[in-house]
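Q: In UniProt numbering, the protein residues as written are 1 to 226.
Where is the CB? At the ideal position from N, CA and C, for every residue including glycine.
Questions regarding the structure given below will be posed in turn.
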Amino acid sequence: MNIRNDRGIIKWLLIGLCAIFLIVALVLPLVYVIVTALRDGWNEYVTAISDTYAVKSILLTLKVVVITVVVNTIFGLYAAWLITKFTFRGKKIISTLIDLPLTISPIIAGLIFVLTFGRQSFLYPYLEKLGIQIFSQITLPHIRWALLYGIVLCSARAMGEFGAVSVLSGHLRGLTNTMPLYIELLYQAFDFTGAFAMSSILVIMAVIILILRNILEHRGNKEGGI
């Protein structure tokens, strides 16, 4: 009986510690963002998010998300199919190169793109007709929930990216500033209402993506696709 009680105490202690950590590290900062954004009133909030540069940064962020998701989806499907379906020399090297961006700073990744992107391109080998049919009719339907789940996570990452975008963009206001860069610009200009108002929009977009992720994860687990 004492062992059960000890386990129960430990369980609730761990739950309490996790809850405290989440409240301090996640909930309180989010609440602070919303409260600060609305500190000067609703009219100031609407003015801040409807500013011309603010709207342009939102539209540019959405555009970047769409382009990033499309490129990563195409490459991800191609790379996953290549690695899982074929055996060839250099397979481990390709797997390592795919994981490499996860281990380096986004700023370094941005510098790499500045130095290399646009000059060199890869021509993908064409797929035989049978291979395309197998992929589209068997493989793709089987991984559809995992694919959608990955698309949602990719969208979240692209939407909040700062380091690499900061290096690549040139900080042209109204032209190349995404939402994170525009928020930094407002904050450095001591426009705290505008900075937190835009941050709240970014938070809302992140919450929407989180809800979509949970829905897709639930559907995928239900059908055995994730």
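1) Please confirm whether residue 182 and residue 54 have their CB atoms less than 9 Å apart.
2) How would you label residue 201, buried or exposed, when you count the other beta carbons within 10 angstroms and need 16 or more for buried?
3) Between the C-alpha atoms of residue 42 and residue 207, what's the straight-line distance to the nearest angstrom?
4) In chain order, which alpha helix (DSSP H) runs of at least 4 residues are fully inside the region 38-81?
5) At least one CB of chain D closer than 9 Å to the CB of residue 76: is that the case?
6) So is residue 19 buried or exposed if we call it buried at 16+ other beta carbons inside 10 Å?
7) Under DSSP, the alpha helix (DSSP H) around residue 96 begins and ends at which residues?
8) If residue 178 sits next to residue 33, beta carbons under 8 Å apart, how far is it from one beta carbon to the other, in whole angstroms?
9) Comparing alpha-carbon positions, which option in 15, 94 and 36 lies nearest residue 79?
10) Which word fits residue 246, buried or exposed, when buried means at least 16 other C-beta atoms lie within 10 angstroms of its C-beta?
11) With a CB to CB cut of under 7 Å and the five nearest residues on each side skipped, what residues in its chain are close to residue 155?
12) Note down the Cα distance separating residue 71 from residue 21, rounded to an integer number of angstroms.
13) Rounded to whole angstroms, how far is the Cβ of residue 25 from the Cβ of residue 199, which I believe are closer than 8 Å?
14) Got a sec, what are the start and stop residues for the alpha helix (DSSP H) residue 184 sits in?
15) Compare the beta carbon distance of residue 203 and residue 30 with 9 Å and say whether it is the shorter of the two.
16) Where does residue 36 sit, in a helix, a strand or coil, going by DSSP?
17) Does the distance from the C-beta atom of residue 213 to that of residue 152 stay below 9 Å?
18) Roughly how many angstroms lie between the CA atoms of residue 87 and residue 58, to the nearest whole one?
A: In short:
1) yes
2) buried
3) 21 Å
4) 42-49
5) Among the chains of the structure shown, chain D does not appear; only one protein chain is present.
6) exposed
7) 91-99
8) Incorrect: roughly 18 Å between the Cβ atoms, too far for contact.
9) 94
10) The first residue shown for the chain is 1 and the last is 226, placing residue 246 beyond what the model contains.
11) 65, 69 and 209
12) 36 Å
13) Their Cβ separation, rounded to whole angstroms, is 16 Å, which puts residue 25 and residue 199 out of contact at 8 Å.
14) 179-188
15) yes
16) helix
17) yes
18) 43 Å
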